[in-house]
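Trainee: Mapping to full-length UniProt numbering: the sequence shown position 76 is 76, numbers consecutive. We put the CB at the ideal spot given by N, CA and C, even for glycine. Take this structure first; my questions come after.
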Amino acid sequence: MEVLRLLKATGLKSERTVRAVMFMNEENGNRGGLKYAELAKAANEKHLAAMESDGGGFTPRGFALETTNPATVARMQQWRSLFAPYGSGDFVAGHGGTDIGPLKDQAKVLIGYDCDSQRYFDIHHTAADTFDKVNRRELELGGASMAALVYLLSKYGL
1 MEVLRLLKAT GLKSERTVRA VMFMNEENGN RGGLKYAELA KAANEKHLAA MESDGGGFTP
61 RGFALETTNP ATVARMQQWR SLFAPYGSGD FVAGHGGTDI GPLKDQAKVL IGYDCDSQRY
121 FDIHHTAADT FDKVNRRELE LGGASMAALV YLLSKYGL
């Protein structure tokens, strides 16, 4: 939702539809992701890309790009220099995410937001897994990184 807020705050107009989807049930059958993909296919929706953030709200490092087309990875890697000064310039072939996985045949690329997850299992699924443990600045940087990538995809496509 922060990505949408930031895009709106800039006043920049998107050239494509940008949608935020809050998936659920990833760890118990992935029913949210499966149902979304099913409904999107039935509605003949076209997805340029799908992005998932499921590795925590830590300092951004970049993005994992899952696609069958190496040219898509190469195209997106051209944007690394725009992200590198902020420490989020890693654009590498990799896993996009479990929730968006069912969209693999419907999107040109599945994108996994990659952050410094060294502290992820210190709190994930523990009694300490509460919102007050989130570093606000790291969370903001992640939102800004994702918003920048969404803008580039919207403006320039693949």
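What's the gap between the Cα of A71 and the Cα of A128?
Mentor: Approximately 42 Å, taken between the alpha carbons.
Trainee: Can you tell me whether L111 is helix, strand or coil according to DSSP?
Mentor: Checking the sequence shown, residue 111 turns out to be Ile, not Leu. Three-state DSSP puts I111 in a strand.
Trainee: Where does V134 fall in DSSP's three states?
Mentor: The answer is coil: DSSP assigns V134 none of H, G, I, E or B.
Trainee: State the Cα-Cα distance for the pair Y113 and A144, rounded to the nearest angstrom.
Mentor: Those two C-alpha atoms are separated by around 12 Å.
Trainee: Kindly indicate which residue of A37, T98, K46 has the alpha-carbon position closest to the one of E66.
Mentor: Per the Cα distances, T98.
Trainee: Just to confirm the assignment, what range does the alpha helix (DSSP H) spanning A5 have?
Mentor: Reading off the sequence shown, one finds Arg at residue 5, where the question assumed Ala. First-last of the alpha helix (DSSP H) with R5: 2 to 10.
Trainee: Compute the beta-carbon to beta-carbon distance between L158 and R61, rounded to the nearest angstrom, for a pair I have assumed lies under 8 Å.
Mentor: In fact, because the Cβ distance is near 22 Å, the residues do not count as touching under 8 Å.
Trainee: What residues are listed by DSSP as bridge partners for A49?
Mentor: According to DSSP, which records beta bridges pairwise, A49 is partnered with V109.
Trainee: Mapping DSSP to helix, strand and coil, what is D122?
Mentor: Helix.
Trainee: With 16 other CB atoms within 10 Å as the buried threshold, where does S117 fall?
Mentor: Classification of S117: exposed, given that the 10 Å Cβ count is below 16.
Trainee: Output needed for V109: all residues of its chain with C-beta closer than 6 Å, excluding positions within five of it in sequence on either side, in chain order.
Mentor: So the list reads A49, L65, T67, T72, once near-sequence residues are dropped.
Trainee: Evaluate S88 with the Cβ neighbour count: other Cβ atoms within 10 Å of its Cβ, from every protein chain shown; 16 or more gives buried, anything less gives exposed.
Mentor: Counting Cβ neighbours within 10 Å, S88 comes out buried, since at least 16 surround it.
Trainee: Tell me V150's beta-bridge partners as DSSP assigns them.
Mentor: DSSP output for V150 lists no bridge partner at all.
Trainee: Just curious, the beta strand (DSSP E) that G62 is in, first and last residue?
Mentor: Unbroken beta strand (DSSP E) run through G62: 60 to 66.
Trainee: Contact defined as beta carbons within less than 8 Å: I believe L7 pairs with A107. What is the distance between those atoms, to the nearest angstrom?
Mentor: That belief does not hold up - the Cβ atoms of L7 and A107 are roughly 19 Å apart, past 8 Å.
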